[in-house]
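K.L.:
In case it helps, our numbering puts the sequence shown at residues 1 to 142.
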Amino acid sequence: MAGAAAWGWRRATAAGLQRLSGVAAESSPRLARRRPMGVVTDLAEVPFPGEVAELPEACISMGSIEESANANRMKILELQQKLSSEKLETTKLAHLTAQETKEGKRLEVEGKKLEKESKMMEAYNNLISQDSSSMSAEEKAE
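Below, the structure is given as structure tokens:
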């Protein structure tokens with residue numbers, strides 16, 4: 001038990017801690033949870049030398065770094081979604097343009113065909129309207 005006296009801080013009572021820290025046992029929930037003398041205490045409940053009540057500045061800064069990295073990751077995801085939707089919209093517009101071009105070419109070909117037919121009908125009507133009585137047999141055959 002000689003070692004226990006050297007490690008007297010492990011057996012600190014609520015009153016002893018109050019005297020050392022200047023904090024009343026009722027105001028500190030950790031001090032209020034002390035077990036009665038003679039009962040084995042949890043090491044988690046015993047204050048160790050150099051125990052830290054708050055997180056170190058390095059941990060706080062790491063937390064803020066993680067938060068900013070997560071925020072940047074979310075911004076990147078939003079940007080990727082925006083680019084994806086813009087790419088999809090561009091693809092749809094290109095498809096519609098190709099369809100309109102195809103339709104335009106089809107209408108152009110159809111227009112040329114109708115123009116040829118109208119010229120042929122005009123020539124046919126012109127030939128029919130001519131007087132064929134004065135024509136020779138060869139001219140009539142043409």
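C-beta: ideal position from N, C-alpha, C; glycine also. Bear in mind that the values here come from a model prediction, so they are computed numbers and not experimental data.
(1) For K116 and L93, I'd like the C-alpha separation in whole angstroms.
(2) So, under 8 Å CB-CB, S132 and K140 are touching, yes? Tell me the CB distance rounded to an integer number of Å.
(3) Would you give the residue range spanned by the alpha helix (DSSP H) that Q130 belongs to?
(4) How big is the Cα-Cα spacing for K113 and N126?
P.N.:
Once the coordinates are examined:
(1) The residue you call residue 116 lines up with position 116 of the sequence shown. The residue you call residue 93 lines up with position 93 of the sequence shown. Distance from the CA of K116 to the CA of L93, rounded to the nearest whole angstrom, comes to 35 Å.
(2) Reading the sequence shown from its first residue, position 132 is the one you call residue 132. Reading the sequence shown from its first residue, position 140 is the one you call residue 140. That pair is a contact at about 6 Å.
(3) Working through the sequence shown from its first residue, we reach residue 130 at position 130. No alpha helix (DSSP H) contains Q130, which DSSP labels as neither H nor E.
(4) Taking the sequence shown and counting its residues from 1, one reaches residue 113 at position 113. Taking the sequence shown and counting its residues from 1, one reaches residue 126 at position 126. Going by the C-alpha atoms only, they are around 20 Å apart.
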